[in-house]
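Working notes for the structure below.
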Amino acid sequence: MTATLNPTDRLVSQVVNSLLSIKPLAKFAKNQARELIIKRAESIGVAWRDDVKFLRSRGGSEPLSPQWAADLAQITNPNLKYPEYYLTSFHAYEQGNMSWDAAMEVEVAAYSVHAKIFAETGRTGDTQLRQSYHDLITQTILTPPQNILDIGCSVGMSTFAIQAVYPDAQLTGLDLSPYFLSIANYRAEQKQSTQINWVHAAGESTGLPAHSYDLVSLFLICHELPQTATREIFAEAKRLLKPGGHIAIMDMNPASEIYAQMAPYILTLLKSTEPYLDRYFTLDIAQALVDAGFQSPTITANTPRHRTVIAQV
676 MTATLNPTDR LVSQVVNSLL SIKPLAKFAK NQARELIIKR AESIGVAWRD
726 DVKFLRSRGG SEPLSPQWAA DLAQITNPNL KYPEYYLTSF HAYEQGNMSW
776 DAAMEVEVAA YSVHAKIFAE TGRTGDTQLR QSYHDLITQT ILTPPQNILD
826 IGCSVGMSTF AIQAVYPDAQ LTGLDLSPYF LSIANYRAEQ KQSTQINWVH
876 AAGESTGLPA HSYDLVSLFL ICHELPQTAT REIFAEAKRL LKPGGHIAIM
926 DMNPASEIYA QMAPYILTLL KSTEPYLDRY FTLDIAQALV DAGFQSPTIT
976 ANTPRHRTVI AQV
């Protein structure tokens, strides 16, 4: 089900990996990737710097509102042991997802990165991406789920989007970053979506009760995981789902010609921000789900470079 790299692809990937093993080059690539994303955001009318500054201060005069520290303390699970794979650099942030910079730039980055998925859609590309995923969910899962778990919910964009599809459902958003969850909770208060339950936990060991959910969703999460973590999350999702429940996954499509034809320079920038990309691209996701106890999944391309995978318990 997963595309295998031909010898030329493997050679290019190996060269890129060798370059990124040199720390100064890796740092340069990350900075270049970040600058490209910011420039694209500004080109489509997203005021990256101003939006982030406003969020940091919550519209006030402080560089960082003191309320963020209080929110962080309230939502953090002090007993959580972070998986080692998570405590690494992601998305050009040296502290990965464990920082305010990463958390406060998620939304503007999503608008930028998804701007050109459907030709020149600009800022609406992100909305269209999520809609393409939800369309496949509603077409496949005919009975509306009443209890939904969003694993790797980040700052809540995926959670709010699926809530709009299923407004009567009980939603839980779960993430490893308390910084992301602080933003999610703040956005929920703004939207008056206080019925969402935010949980600070690992997707592979949620601590949530078994057989409690009709749908477990993973939106752009698996490409940020080593294969072992992905398999453990699938097993945890199987435990959490009710009989007949579904897991739905939206992520990059290894079979897309876009990745096969990607210029080495762009591939280098991409891989500099995604430490587990090679492992994701070589994962047989269908077999991994079957191994976790799911039925054989459906795998459908929902954009030129993304796929939706849906499997039932």
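Per the numbering used here, the very first residue in the sequence shown carries number 676; after that it's consecutive.
Heads up, the beta-carbon is just placed ideally off N, CA and C, and yes, glycines get one too.
Here the structure is a predicted model, which means the values were calculated and not measured.
- Contact holds between the region 809-829 and the region 848-864, because three or more Cβ pairs, one in each stretch, are under 8 angstroms apart.
- In the DSSP annotation of this structure, the continuous segment of the alpha helix (DSSP H) that includes residue 779 starts and ends at 775-779.
- When the alpha-carbon of residue 932 is set against those of 914, 888, 981, the nearest one is in 981.
- Ranking 901, 954, 873 by CA distance to the CA of residue 879 puts 901 first.
- Shown here, residue 888 sits in a strand according to DSSP, grouped into three states.
- C-alpha of residue 852 to C-alpha of residue 875: approximately 7 angstroms in a straight line.
- Apart from sequence neighbours up to five positions away, the residues of its chain that approach residue 904 with a beta-carbon distance below 7 angstroms are 758, 760, 879, ordered along the chain.
- Around the beta carbon of residue 789, 16 or more other beta carbons sit within 10 angstroms, so the residue counts as buried.
- In the three-state scheme derived from DSSP, where H, G and I count as helix and E and B as strand, residue 923 is classed as strand.
- Contact annotation: residue 916 and residue 891 have beta-carbon atoms nearer than 8 angstroms.
- Going by DSSP, residue 726 is part of the alpha helix (DSSP H) stretching over 723-732.
- Closest by C-alpha distance to residue 709, out of 776, 961, 806, is 776.
- In this structure, 927 is the residue among 952, 946, 927 with its C-alpha nearest to the C-alpha of residue 984.
- In the three-state scheme derived from DSSP, where H, G and I count as helix and E and B as strand, residue 709 is classed as helix.
- Short of 7 angstroms from the beta carbon of residue 873, and not among the five residues preceding or following it, lie these beta carbons of its own chain, in chain order: 750, 848, 856, 859, 860.
- Between the C-alpha atoms of residue 731 and residue 720 there is a straight-line separation of about 20 angstroms.
- Taken in chain order, the complete alpha helix (DSSP H) segments of 4 residues or longer contained in the region 836-879 are 853-866.
- Secondary structure of residue 917 (DSSP, three-state): strand.
- Straight through space, the alpha carbons of residue 785 and residue 712 are spaced by roughly 9 angstroms.
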